[in-house]
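The structure under discussion appears below in the form of structure tokens.
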Amino acid sequence: MKTAEKKLIERNLDLIFEFEKYVLEHPEITEKIPRDAIVFMKVAGDAKFNLWSERQAKKQAKKGAPLISVTVKKMGPVHSRIEGLSLERAA
376 MKTAEKKLIE RNLDLIFEFE KYVLEHPEIT EKIPRDAIVF MKVAGDAKFN
426 LWSERQAKKQ AKKGAPLISV TVKKMGPVHS RIEGLSLERA A
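Residues in the sequence shown are numbered from 376 upward in steps of one, following this note's numbering.
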């Protein structure tokens, strides 16, 4: 696998993870997604990623299945939600 392809895959996985968190916080959005739909991610202003993502979705889609794009317009800063932790050396 080429480095460019790997970066696209990693970005897609990050976006999917963030979308899953968004859905947990806004479950009403699922009402807009048909049960048999293929959902794929897009990023505002990133034509290369968007084209790649849509192509991947079309490859996976069964004939007649609706394709739903989720366009991420803006992302907040990445931060940990951990408020406390401890480290121990394992034996």
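Just so it is clear, CB atoms sit at the ideal spot from N, CA and C, and this is done for glycine as well.
On a predicted model such as this, the values are computed, not experimentally measured, just so you know.
Ends of the alpha helix (DSSP H) at residue i?
i: K433; result: A422 to Q435
i: A399; result: Reading off the sequence, residue 399 comes out as Leu, not Ala. Here the alpha helix (DSSP H) through L399 covers T378 to E400.
Measure the CB-CB distance between residue i and residue j and report whether it falls below 7 Å.
i: A419; j: K448; result: yes
i: L442; j: I413; result: yes
Drop a sphere of 10 angstroms on the beta-carbon of residue i, count the other beta-carbons inside from all chains shown, and report buried for 16 or more, exposed for fewer.
i: M416; result: buried
i: S444; result: exposed
i: A432; result: buried
Specify the secondary structure class of residue i as computed by DSSP and reduced to three states.
i: I404; result: helix
i: V453; result: coil
i: S444; result: strand
Hey, could you find the ends of the beta strand (DSSP E) residue i is sitting in?
i: V418; result: I413 to V418
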